[in-house]
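Asker:
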Amino acid sequence: MAAWSGAGAVAATSLAAAAVSGLAAFFVRQVVRPVHERPDDVRVLAVDLEGAGPDGPVVTVTADAQHRAPGRYVLLLDGGRRAAQVGAVVREERGAVVRELLTSPEGGLAPGSARWSGTVHVGDPTSALGLAHEDVRVATPLGGLPAWFVPAARGRRDEEGDAAGPTGRAGGEVWAVLVHGRGATREECLRAVPLLHRLGLPCLVPAYRNDADAPPESAGHYGLGDTEWLDVEAALLHALDHGAREVVLVGWSMGGAIVLQLATRSWTADRVRAVVLDSPVVDWRDVLEHAARRNRLPWPAGRLGIAMLARPEARALLGVSAPIDVSRLDWVVRADELRLPVLLLHAADDDVVPIGPSRRLAAARPDLVVFRDFPGAQHTKEWNTDPERWEREVARFLLEHL
1 MAAWSGAGAV AATSLAAAAV SGLAAFFVRQ VVRPVHERPD DVRVLAVDLE GAGPDGPVVT
61 VTADAQHRAP GRYVLLLDGG RRAAQVGAVV REERGAVVRE LLTSPEGGLA PGSARWSGTV
121 HVGDPTSALG LAHEDVRVAT PLGGLPAWFV PAARGRRDEE GDAAGPTGRA GGEVWAVLVH
181 GRGATREECL RAVPLLHRLG LPCLVPAYRN DADAPPESAG HYGLGDTEWL DVEAALLHAL
241 DHGAREVVLV GWSMGGAIVL QLATRSWTAD RVRAVVLDSP VVDWRDVLEH AARRNRLPWP
301 AGRLGIAMLA RPEARALLGV SAPIDVSRLD WVVRADELRL PVLLLHAADD DVVPIGPSRR
361 LAAARPDLVV FRDFPGAQHT KEWNTDPERW EREVARFLLE HL
């Protein structure tokens, strides 16, 4: 009987270990798998185009932390093909939030499902911002990556013959290369383009591998910045080939992780003048552990999933193109390797990428890192919460370092 009990215990332990291992692999696969379509996550409950008083048109949506946040956002409709821009919170009422309705989409806005987004500018730089742009291709070993090129604003430098022309050949000496985050698109970067344009910086906004409009690499999964930096390096080389002498790198979320990899691993890093990071992934281990807790995974599964990323069999287990050493993606530990001035914008309310590593990086390198907290902002929505302050902080930093 004791032998059977012992055998049963071993079998139960083996089954539990297998379950944890399977859960860990499933968890990490969700992180590295590109998501090109996101489900609707908000209900439009009512639309009042006349407005209930001095506020003008308003829209009522279901209430949660995102929908209560101050600032400007969009309701994406019909899979993102139409968008309505919303503004300040007018009031809350029984599980709902009433917000200003700033723009209505073609065809109107009616009660139904939508997706909440901080990407308030939908389209390309011309259709969304009214700024002339050129669709260009950035050459990489995987194929041509689509990118938007926005020449600098005409001004004094243009009169001296030093500003970018519409073809992007005679660009200003310093360009901005903007890098979106995981699961986002180039539209995420458009919030920064008007400011950079006014500052006289030509802007290059590239896609990178495994984006919906870009070539996939063989595995078709994210490298968490460990591989994508090569595509941003190619974008930097494109800028240098078309008139830039130096660049400013701007990255959101995983785009921040990508930028930090380039700044320390690329032979072109000496052409980077400064870095701006918005809600960046400074330490992937911290982000993955937070995601595991948020999804209520047993702690062994989260830890095991992170360890799996670095294993030789990671390609077969997780679908990545090569093992990923997350310690190489930890910029708190690697803080001494930073050589560039960094503006780091983050929010304590970020429930996707916790603010802790950003604070620790800033504390470790006060000589290079300027840290700014944006109270009340959700992930990558610092600009949305307070666009005037966001642009003021970025302009002050760049003008100091250009």
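First residue of the sequence shown? That's 1 in UniProt numbering, and the numbers climb one at a time after it. By construction, the Cβ of each residue, glycine as well, lies at the ideal position given by its N, Cα and C atoms.
Kindly give me the distance between the Cβ atoms of H197 and L131, rounded to whole angstroms, as I take these residues to be in contact under 8 Å.
Answerer: Cβ-Cβ separation between H197 and L131: approximately 6 Å, consistent with a contact (criterion under 8 Å).
Asker: Output the distance between the C-alpha atoms of L262 and S127, rounded to the nearest integer angstrom.
Answerer: 31 Å
Asker: Would A163 be called buried (16 or more neighbouring beta carbons within 10 Å of its own) or exposed?
Answerer: For A163, the pLDDT reaches just 39, beneath the cut-off of 50, and the residue's location in the model is therefore unreliable, although a value from the coordinates is still provided. Its Cβ being crowded by 16 or more others within 10 Å, A163 is buried.
Asker: Would a C-beta distance cut-off of 8 Å place A46 and P111 closer than the cut-off?
Answerer: yes
Asker: By Cβ distance below 6 Å, which residues in the same chain neighbour G302 in space, the five residues on each side in sequence not counted?
Answerer: Answer for G302: E289 and A292, listed in chain order.
Asker: Excluding the 5 residues preceding and the 5 following A88 in the sequence, name in chain order all residues of the same chain whose CB lies nearer than 6 Å to its CB.
Answerer: Once the five neighbours on either side are set aside, the close Cβ partners of A88 are E100.
Asker: Among D349, W299, R365 and V342, whose alpha-carbon lies nearest the alpha-carbon of L402?
Answerer: V342
Asker: Considering only their Cβ atoms, is the gap separating V58 from Q85 smaller than 8 Å?
Answerer: no
Asker: For V90, which three-state DSSP category applies?
Answerer: strand
Asker: Report the rounded CA-to-CA distance for E400 versus R209, giving the unit in angstroms.
Answerer: 33 Å
Asker: Comparing C-alpha positions only, which one of A234, R265, V282 and R245 sits nearest to G251?
Answerer: V282
Asker: What are the complete beta strand (DSSP E) segments, minimum 3 residues, inside the stretch 305-383?
Answerer: 342-346 and 369-373
Asker: What is the rounded straight-line gap between the Cα of T385 and the Cα of A234?
Answerer: Taking the straight line from one Cα to the other gives about 33 Å.
Asker: Within the continuous alpha helix (DSSP H) that includes T60, where are the two ends?
Answerer: Premise fails: T60 lies in the beta strand (DSSP E), V58 to T62, not in any alpha helix (DSSP H).
Asker: Which residues in the same chain as R156 place their Cβ atom closer than 8 Å to its Cβ, once the five residues preceding and following it in sequence are excluded?
Answerer: Caution applies to R156, whose pLDDT of 36 falls short of 50 and renders its modelled position unreliable; the model cannot decide the point.
Asker: Please check the pair E337 and T268, which I expect to be a contact at CB under 8 Å, by giving their CB distance rounded to whole angstroms.
Answerer: So it is not a contact: roughly 16 Å between Cβ atoms.
Asker: State the DSSP-derived secondary structure class of D283, mapped to helix, strand or coil.
Answerer: strand
Asker: Under 8 Å, do V275 and L297 count as touching if we go by C-beta distance?
Answerer: No Cβ-Cβ contact shorter than 8 Å links V275 with L297.
Asker: Can the beta-carbon of L344 be found less than 8 Å from the beta-carbon of P387?
Answerer: No, Cβ-Cβ distance for L344 and P387 is not below 8 Å.
Asker: Using the C-alpha atoms, what's the distance from L75 back to G123?
Answerer: 14 Å
Asker: How would you label T60, buried or exposed, when you count the other beta carbons within 10 angstroms and need 16 or more for buried?
Answerer: buried
Asker: Determine the DSSP secondary structure at P146, reduced to helix, strand or coil.
Answerer: strand
Asker: Using only the alpha-carbon positions, how far apart do I355 and S253 sit?
Answerer: 11 Å
Asker: Identify which residue in A395, L277, R311 and W175 has its Cα closest to the Cα of H346.
Answerer: L277
Asker: Name the residue from P375, R328 and V42 whose alpha carbon lies nearest to the alpha carbon of D351.
Answerer: Its Cα nearest to that of D351, the residue P375 stands out among P375, R328 and V42.
Asker: Helix, strand or coil, according to DSSP, for G95 in the structure here?
Answerer: coil
Asker: Can you tell me which residues form a DSSP beta bridge with A84?
Answerer: Looking at the DSSP assignment, A84 forms a beta bridge with L75.
Asker: Taking just the CA atoms, how far does E50 sit from V32?
Answerer: 45 Å
Asker: So, at 7 Å on beta carbons, what are the nonlocal neighbours of D286 in its own chain, with the 5 sequence-adjacent residues on each side left out?
Answerer: P354, G356 and P357
Asker: Let me know the secondary structure DSSP gives V42 once reduced to three states.
Answerer: For V42, the secondary structure class from DSSP, reduced to helix, strand or coil, is strand.
Asker: Note the first and the last residue of the continuous beta strand (DSSP E) segment covering A114.
Answerer: G112 to S117
Asker: So if DSSP puts V28 in a beta bridge, which residue, or which two residues, is it bridged to?
Answerer: Within the DSSP bridge table, the entry for V28 names no partner.
Asker: Short of 6 Å in beta carbon distance, which residues of its chain neighbour A364, apart from the five on each side in sequence? Order them along the chain.
Answerer: Within the same chain, A364 has close Cβ partners A335.
Asker: Does the beta-carbon distance from L195 to V174 come in below 8 Å?
Answerer: no
Asker: What do you reckon, are the CB atoms on L318 and V28 nearer than 8 Å?
Answerer: yes
Asker: Round the Cβ separation of R271 and L240 to the nearest angstrom and send it over; I've been treating them as touching at under 8 Å.
Answerer: 6 Å
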